[in-house]
Ligand code: GLU
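Residue numbers (the working numbering): 21 to 466.
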């Protein structure tokens, strides 16, 4: 594969008439899982998937919901609701993050679990897809309360997770410390884990407790490696580009700093739950990260102007990186988006109706399961290092990540060309083909 000259994701779709799969009527879904299923159905139509496989893959294999008590610092008891959805494991262990958010609900976690199946398949990892969540606001809990929530949830899951079965990782509202609490609880409560060989029950741990170097930056770095592939394919000089980022947490802040420091692009706008800021002459991505670390968000950053949150989506820039929540670019704001490419650091930030509008307006999209796959790719490296008793160097991790992203990007570009479809459809189709092949070869037991 020639990674220096990847095929453009966009031009093939423009040049090739959509013969094999005529456009579908696109509606604005109100439920994230319905949207995930509609995306899957579309890929199933395009690949003429057999009906039994279609039925198997349109729902998760296992849906776990646990309600458990947590002792609060005040001495009161809070009941928490936790989810773990295991979508599919035909390609390997269930794999996917654990999210803490007051907005967590069953259908959201189901959609995110399905996307993990496709993300792992697309990037050729030996994993299936899962996702977990606890419906709490982590900003309202003390560190001690967060620890008790995490440990109690891990205990409630018991052997429903495991280093060779289902491997959680950080997601929105959780971090490396959360994973270390999960690992420690699992190792202390599950009998066979006592042999100290089960650190890989979770990934995204701190380096001191068995994590991989480069895992913290991996999702943002993967997003930017995709942007670099896009730029090469389209003859774009990133040092001349401007960009805007929504969400300045782990994914958004690493993406912004890497795009600025390593590729020379200029950050002009940022938005998160605390506000929206803009400075056309440039915002220093590292300085902004320092502000966010101290103040908890981009709002009130002194070296840029505050702007109306809706205005953020009208920001004129070359690269737009949604790296916060799902469902952010909708049919309402999509017509005003004024950029050349959208790199989806978040999961599901663009609705299907918005997708259609952006494509018609000639905006390229690097879809979520490709653009944010860096996190789970380096999770795979961490899992492998733990299993082998190895620790890799940062340059090795980055090099391997870059290669895997470039390879997946290229596969998507080839699929765009082959099917004459959009990049979003191509990511689902390439992933589905891989999963379907495994089912075809293995058959259905008994
Ligand atoms: N939560 C991340 C995602 O959505 C990472 C998952 C993982 O590392 O397992 O891709």
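No residue lacks a Cβ here, since even glycine has one placed at the ideal position from N, Cα and C.
* To do: Following the continuous beta strand (DSSP E) through residue 117, name the residue where it begins and the one where it ends.
  => Judged by DSSP secondary structure, residue 117 falls within the beta strand (DSSP E) whose first and last residues are 114-120.
* Cα-Cα, which of 437, 399, 441 and 462 is closest to residue 227? -> If we check each option's Cα against that of residue 227, 399 comes out closest.
* Going by alpha carbons, who is nearest to residue 280 out of 136, 125, 318 and 241? -> Of the listed residues, the one whose Cα sits closest to residue 280 is 241.
* For residue 210, the three-state DSSP class (helix, strand or coil) -> In the structure shown, residue 210 sits in coil (DSSP, three-state: anything other than H, G, I, E or B).
* Asked: Measuring CA to CA, which of 289, 126, 356 and 258 is closest to residue 278?
  -> Checked all of 289, 126, 356 and 258; the closest Cα to residue 278 is 258.
* Report yes if the C-beta of residue 447 is less than 8 angstroms from at least one heavy atom of the ligand GLU; otherwise report no. => Outside the cutoff, so no.
* So what's residue 348 in DSSP terms, helix, strand or just coil? -> It is coil, neither helix nor strand.
* To do: In angstroms with no decimal places, state the Cα-to-Cα distance between residue 306 and residue 456.
  => In a straight line, the C-alpha of residue 306 is about 44 angstroms away from that of residue 456.
* Asked: DSSP puts residue 296 in a beta bridge; with which residues?
  -> Answer is 291, bridged to residue 296.
* Asked: What residue ranges within the stretch 138-221 form continuous alpha helix (DSSP H) runs of no fewer than 4 residues, ordered along the chain?
  -> The stretch 138-221 contains these whole alpha helix (DSSP H) runs: 163-177 and 196-209.
* For residue 107, does the count of other Cβ atoms within 10 angstroms reach 16, so buried, or fall short, so exposed? -> Label assigned to residue 107: buried.
* Can you tell which of 87, 69, 139 and 59 has its C-alpha closest to the C-alpha of residue 392? -> Closest by alpha carbon: 139.
* Asked: Is it true that the stretch 424-439 meets the stretch 254-270, where meeting means three or more beta-carbon pairs spaced less than 8 angstroms apart?
  -> Between the stretch 424-439 and the stretch 254-270 there are fewer than three C-beta pairs closer than 8 angstroms, too few to call the two in contact.
* Asked: Sorry if obvious, but does the Cβ on residue 132 come closer than 8 angstroms to a heavy atom of the ligand NAD?
  -> As for the ligand NAD, it is missing from this structure, which binds only the ligand GLU.
* **residue 107, enclosing beta strand (DSSP E) - first and last residue** => Start and end: 97-108.
* Asked: Cβ-heavy atom distance between residue 223 and the ligand GLU below 8 angstroms?
  -> Result yes, Cβ under 8 angstroms from the ligand GLU.
* Alpha carbon to alpha carbon, how far is residue 466 from residue 276? Give it in angstroms, no decimals. => Between residue 276 and residue 466, the alpha-carbon positions lie close to 50 angstroms from each other.
* Name the one or two DSSP bridge partners that residue 358 has. => BP columns for residue 358 point to 336.
* Asked: How should residue 93 be labelled, buried or exposed, when 16 other C-beta atoms within 10 angstroms of its C-beta is the threshold for buried?
  -> Within 10 angstroms of the beta-carbon of residue 93 lie fewer than 16 other beta-carbons, which makes it exposed.
* Alpha-carbon spacing of residue 388 relative to residue 210, whole angstroms -> Cα to Cα, residue 388 sits roughly 35 angstroms from residue 210.
* Quick one: what's got a C-beta closer than 8 angstroms to residue 442's C-beta in the same chain, skipping five residues either side? -> Excluding sequence neighbours, residue 442 sits near 33, 375, 379, 385 and 436.
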